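Structure, as structure tokens:
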Amino acid sequence: MGDWSRADYLARQGIGDRRVLEAIAILTRADFVPESERAGAGADAPLPIGHGQTISQPYIVALMTEALQLGGHERVLEIGTGSGYQTAVLSLLCQEVFTVEIVPELARSARERLEALGLFNVRFRQGDGARGWPEEAPFDAILVAAAPTEVPRALLEQLARGGRMVIPVGPVAHAQELLRIQRASQPGALPTVESLLPVRFVPLTGESGPTRP
Numbered sequence: 162m163g164d165w166s167r168a169d170y171l172a173r174q175g176i177g178d179r180r181v182l183e184a185i186a187i188l189t190r191a192d193f194v195p196e197s198e199r200a201g202a203g204a205d206a207p208l209p210i211g212h213g214q215t216i217s218q219p220y221i222v223a224l225m226t227e228a229l230q231l232g233g234h235e236r237v238l239e240i241g242t243g244s245g246y247q248t249a250v251l252s253l254l255c256q257e258v259f260t261v262e263i264v265p266e267l268a269r270s271a272r273e274r275l276e277a278l279g280l281f282n283v284r285f286r287q288g289d290g291a292r293g294w295p296e297e298a299p300f301d302a303i304l305v306a307a308a309p310t311e312v313p314r315a316l317l318e319q320l321a322r323g324g325r326m327v328i329p330v331g332p333v334a335h336a337q338e339l340l341r342i343q344r345a346s347q348p349g350a351l352p353t354v355e356s357l358l359p360v361r362f363v364p365l366t367g368e369s370g371p372t373r374p
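Whatever position you read off the sequence shown (first residue = 1), add 161 for this note's numbering.
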């Protein structure tokens with residue numbers, strides 16, 4: 162049926178991208194959480210989805226998506242499929258999503274959920290998200306739904322020139338910042354880094370070495 166009232170709420174909270182609001186409205190968040198958590202799916206709050214992971218609050222999902230500034234033609238890499246809710250939002254706004262999840266059970270259930278919803282422009286991989294998906298790089302945009310202590314080098318290298326990455330970064334939950342990193346269009350130029358707001362995400366697990374942007 163869709164979360165039309167949530168889209169109105171997010172608009173009042175400052176989300177201005179109409180396409181993002183329409184994607185949020187089309188989807189029903191309760192479809193992406195365990196049955197035991199569905200009573201709380203209407204709240205603007207994170208919820209547990211098992212395996213020590215959470216589904217982000219709708220405002221953060223909308224804000225991160227809006228920060229990518231998607232026009233509809235992009236190939237997007239998502240790190241941390243989780244429940245598949247953020248994946249579904251992205252799939253409605255770009256050409257193709259490549260999503261990586263390290264927890265096998267979550268990767269499997271998210272794939273089943275999105276295919277049941279008829280969202281077939283998503284490609285799935287179970288593995289170390291910090292390594293990205295190098296065979297399919299470069300990506301026009303990258304969204305990371307878990308927090309490394311520093312920006313993984315592999316993800317920066319897989320971002321197309323002029324592309325944007327939105328990623329929470331910080332050593333612990335109470336000291337994380339949501340960053341938007343735009344890779345320079347010219348070779349050798351430094352990326353632009355913008356801090357959007359303080360956040361709290363589960364840690365990004367993986368083995369790829371980090372680097373500062």
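Ideal placement from N, C-alpha and C gives every residue a C-beta, glycine not left out.
No experiment lies behind these values; they were computed from the predicted model shown.
Extent of the continuous beta strand (DSSP E) run through residue i
i	result
Asp178	Counting along the chain, Asp178 falls outside any beta strand (DSSP E), and DSSP gives it neither H nor E.
Asp169	Run containing Asp169: none in the beta strand (DSSP E); it sits in the alpha helix (DSSP H), Trp165 to Arg173.
Val237	Arg236 to Ile240
Ile303	Phe300 to Val305
Gln347	Note, Gln347: premise wrong, no beta strand (DSSP E); not H, not E.
Val194	Val194 -> no beta strand (DSSP E), and no H or E assigned at all.
Val312	Run containing Val312: none; DSSP gives neither H nor E here.
Leu320	Leu320 to Val330
One or two residues paired with residue i in a DSSP bridge
i	result
Val360	Gln337
Gly211	Gln214
Val261	Ile240 and Arg286
Thr189	Note: Thr189 sits in no beta bridge, so no partner.
Glu355	Arg341
Status (buried if at least 16 other CB within 10 Å, exposed otherwise) for residue i
i	result
Thr215	buried
Glu196	exposed
Ser166	exposed
Pro374	Legend: pLDDT at Pro374 = 45, less than 50; position of this residue unreliable, value from coordinates given subsequently. With 16 or more Cβ atoms within 10 Å of its Cβ, Pro374 is classed as buried.
Gly349	exposed
Pro219	buried
Leu231	buried
Leu275	buried
Arg286	buried
Thr372	Reliability fails at Thr372, whose pLDDT of 44 lies under 50, so the model's placement of it is uncertain and the value that follows must be treated cautiously. Exposed: under 16 other Cβ atoms inside 10 Å.
Gly177	exposed
Leu351	exposed
Residue i and residue j closer than 9 Å at C-beta
i	j	result
Phe300	Arg236	yes
Val261	Gly290	yes
Leu238	Ala302	yes
Leu280	Asp192	no
Gly377	Gln319	Any answer about residue 377 is impossible in this case: the structure gives the chain only from 162 up to 374.
Gly245	Ile263	no
Thr189	Asp164	yes
Val330	Ala298	no
Leu267	Ile210	yes
Ile187	Ala223	no
Leu304	Gln247	yes
Leu317	Leu339	no
Gln347	Arg322	yes
Segment limits, alpha helix (DSSP H) that includes residue i
i	result
Ala291	Taken as a continuous stretch (DSSP letters only), Ala291 belongs to no alpha helix (DSSP H), as it is neither H nor E.
Leu275	Pro265 to Ala277
Ala228	Pro219 to Leu229
Thr248	Tyr246 to Ser252
Check: residue i C-beta below 8 Å from any heavy atom of the ligand ATP
i	result
Gln174	The ligand ATP is not among the ligands present in this structure, which contains no ligands whatsoever.
Neighbour flag for residue i against chain D, beta carbons, 9 Å
i	result
Ala302	You won't find chain D in this structure, because it holds only one protein chain.
TODO: Would you check if the stretch 168-183 and the stretch 214-233 touch, i.e. whether three or more CB-CB distances between them fall below 8 Å?
DONE: yes
TODO: Count the CB pairs spanning the stretch 328-335 and the stretch 269-280 that are closer than 8 Å, and state whether there are at least three.
DONE: no
Task: At least three beta-carbon pairs within less than 8 Å, the stretch 358-368 to the stretch 305-313 - done: yes
Open item on the list: Count Cβ pairs between the stretch 342-350 and the stretch 203-219 that sit closer than 8 Å; are there 3 or more?
Closed with: no
Open item on the list: With a threshold of 8 Å, are at least 3 pairs of Cβ atoms found where one atom belongs to the stretch 202-209 and the other to the stretch 252-261?
Closed with: no
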